[in-house]
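Engineer: Supplied in structure tokens, the structure appears directly below.
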Amino acid sequence: MKIARFSMRSGSGAAGDPRFGIVDGDELVVLKGDPMFAGFETTDERVPLSEAKLLAPVIPRSKVVAVGKNFVDHVAEFGGEVPKEPLLFLKPNTSVIGPGDAIVVPRQSKRVDFEGELAIVIGSIARNVAEADVDSVIFGYTIANDVTARDLQKSDGQWARAKGFDTFCPLGPVIETEFEVAANTVQSRLNGESRQSAPFTDMVHSVASIVAYVSAAFTLLPGDVILTGTPAGVGRMVDGDVIEIEISGIGILSNPVRG
1 MKIARFSMRS
11 GSGAAGDPRF
21 GIVDGDELVV
31 LKGDPMFAGF
41 ETTDERVPLS
51 EAKLLAPVIP
61 RSKVVAVGKN
71 FVDHVAEFGG
81 EVPKEPLLFL
91 KPNTSVIGPG
101 DAIVVPRQSK
111 RVDFEGELAI
121 VIGSIARNVA
131 EADVDSVIFG
141 YTIANDVTAR
151 DLQKSDGQWA
161 RAKGFDTFCP
171 LGPVIETEFE
181 VAANTVQSRL
191 NGESRQSAPF
201 TDMVHSVASI
211 VAYVSAAFTL
221 LPGDVILTGT
231 PAGVGRMVDG
241 DVIEIEISGI
251 GILSNPVRG
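Okay, so the sequence shown: first residue is 1 according to the UniProt record's numbering, each after it adds one.
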């Protein structure tokens, strides 16, 4: 089931507060509230997708946790060694934007890269979760672009600023609640040209091991997001570019770049 968070497009009625809906063909079946807290009870309203502006499907209430160097080929393209344990860093929730929103190249950076990734959306309070129980705390999955100021990542010596600028965590277009990780792939296209492509079976650390590891360090709250790492092929984006991240089974996350 695909869950969207949306507002009405200009000219299609009052935008109002963001609402949630279940994707049903070319329509959204409007839900009574945030399904993470209110369940999947529907209203009598249907909204054509053409009249809806899709928003980031979730705004993390406390944090975005990300995993670095989780594909062997990505580690190889930058040199170094594959971490024996998941390499964690944080992105602020203020970095989150939705489909179609612009990624803004900050004046402090001369090199901003895309990194297409699978994102886990946490659905319940999770602390010290065993790998066997991970599915019970996952609400669903979405697509992420772990935007990175590559020059600042190198010069700073740590990743907080390079990964944390406003607009540096596009999410969307929907949350898929019935996603089969092992059966799917991630692809990135820059201005229509393929740059990344890999199956999730190539991940060093699995979703179950990542969630167990992260929840042993941080209490995860409903709406928190975990980014699972990117394959080889990351590259620079500049003003005027359009970056698309596609995950089979979820959809396409597309964002323009402004600088």
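Cβ atoms here follow ideal geometry from the backbone N, Cα and C, with glycine treated the same way.
Give me, in chain order, the residues of the same chain whose beta-carbon lies closer than 7 Å to that of M1; leave out the 5 immediate sequence neighbours on both sides.
Structural biologist: Here the set comprises I22, T177 and E178.
Engineer: Relative to the alpha-carbon of V186, which residue among I252, W159, G98 and V137 has its alpha-carbon at the smallest distance?
Structural biologist: Nearest C-alpha to V186: I252.
Engineer: Where does V204 fall in DSSP's three states?
Structural biologist: V204: coil per DSSP, three-state reduction.
Engineer: Alpha carbon to alpha carbon, how far is T219 from N70?
Structural biologist: Taking the straight line joining both Cα atoms gives about 22 Å.
Engineer: Count the other CB atoms within 10 Å of the CB of K84; is the residue buried (16 or more) or exposed (fewer)?
Structural biologist: Exposed, since its Cβ has fewer than 16 Cβ neighbours within 10 Å.
Engineer: For D34, which residues from the same chain have a beta carbon less than 8 Å from its beta carbon, with the 5 sequence-adjacent residues on both sides left out?
Structural biologist: Closer than 8 Å at the Cβ level, and outside the excluded window around D34, lie F20.
Engineer: Suppose only complete runs of 3+ residues qualify. What are the beta strand (DSSP E) ranges in the segment 164 to 196, listed by chain order?
Structural biologist: For the segment 164 to 196, whole beta strand (DSSP E) runs of length 3 or above, ordered along the chain, are 169 to 176 and 185 to 190.
Engineer: In chain order, what residues of the same chain lie with their CB nearer than 8 Å to the CB of P222, ignoring the 5 residues before and after it?
Structural biologist: Cβ neighbours of P222 beyond the five flanking positions: M36, F37, R61, I122, G123, S124, I125 and F139.
Engineer: Excluding five sequence neighbours on each side, which residues of the same chain lie with their C-beta closer than 6 Å to the C-beta of E246?
Structural biologist: Here the set comprises Q187 and I252.
Engineer: Under DSSP, the alpha helix (DSSP H) around L152 begins and ends at which residues?
Structural biologist: That run of the alpha helix (DSSP H) goes R150 to D156.
Engineer: Among residues of its own chain, excluding the 5 on either side of V129, which ones have a beta-carbon nearer than 7 Å to its beta-carbon?
Structural biologist: Taken in chain order, the residues that qualify are V137, V211, A212 and S215.
Engineer: Between the segment 102 to 111 and the segment 194 to 205, can you find at least three pairs of beta-carbon atoms closer than 8 Å?
Structural biologist: At 8 Å Cβ cutoff, the stretches do not touch.
Engineer: Which whole runs of the beta strand (DSSP E) in the segment 212 to 248 are 3 residues long or more, in chain order?
Structural biologist: You should have 225 to 227, 235 to 237 and 242 to 247.
Engineer: Is it true that the CB of N184 sits closer than 8 Å to the CB of S248?
Structural biologist: Closer than 8 Å, so yes.
Engineer: For V75, report the span of its alpha helix (DSSP H) as first-last.
Structural biologist: It spans V72 to F78 - the alpha helix (DSSP H) in which V75 sits, taken as one unbroken run.
Engineer: Looking at G235 and F114, is the spacing between their C-beta atoms short of 8 Å?
Structural biologist: A contact, by the Cβ cut-off of 8 Å.
Engineer: Do you know how far the Cα of G116 is from the Cα of G13?
Structural biologist: In this prediction, G13 scores a pLDDT of 49, lower than 50, which makes its location untrustworthy; the coordinate-derived value is nonetheless stated afterwards. If you take the alpha carbons of G13 and G116, they lie about 34 Å apart.
Engineer: Considering only residues of the same chain and omitting the five flanking positions on each side of D239, which have a CB-CB separation below 8 Å?
Structural biologist: Closer than 8 Å at Cβ, skipping near neighbours: V105, V257, R258 and G259.
Engineer: Closest to E41 by CA distance: which of P48, K32, L49 and N191 is it?
Structural biologist: Closest option to E41, Cα to Cα, is K32.
Engineer: Given D151, which residues of its chain have a CB within under 7 Å of its CB, disregarding the five upstream and five downstream residues?
Structural biologist: Here the set comprises S109, K110 and R111.
Engineer: With a CB to CB cut of under 6 Å and the five nearest residues on each side skipped, what residues in its chain are close to R9?
Structural biologist: Closer than 6 Å at the Cβ level, and outside the excluded window around R9, lie E51 and K53.
Engineer: Return helix, strand or coil for D133, following the three-state DSSP convention.
Structural biologist: The answer is helix: DSSP assigns D133 an H, G or I state.
Engineer: Do S95 and T167 have their C-beta atoms closer together than 8 Å?
Structural biologist: For S95 and T167, yes; Cβs fall inside 8 Å.
Engineer: When every heavy atom of the ligand PLP is checked, does at least one fall within less than 7 Å of the C-beta of R258?
Structural biologist: Annotation note on the ligand PLP: not contained in the displayed structure, which lists no ligands.
Engineer: Please go through the same chain and pick out, in chain order, the residues whose beta-carbon is closer than 7 Å to the beta-carbon of Q158, but skip the five residues on each side of it.
Structural biologist: Result list for Q158: empty, nothing under 7 Å.
Engineer: Helix, strand or coil: how does DSSP classify M36 here?
Structural biologist: M36: helix per DSSP, three-state reduction.
Engineer: When you compare only the Cα positions, how much space is there between L87 and F6?
Structural biologist: Cα to Cα, L87 sits roughly 33 Å from F6.
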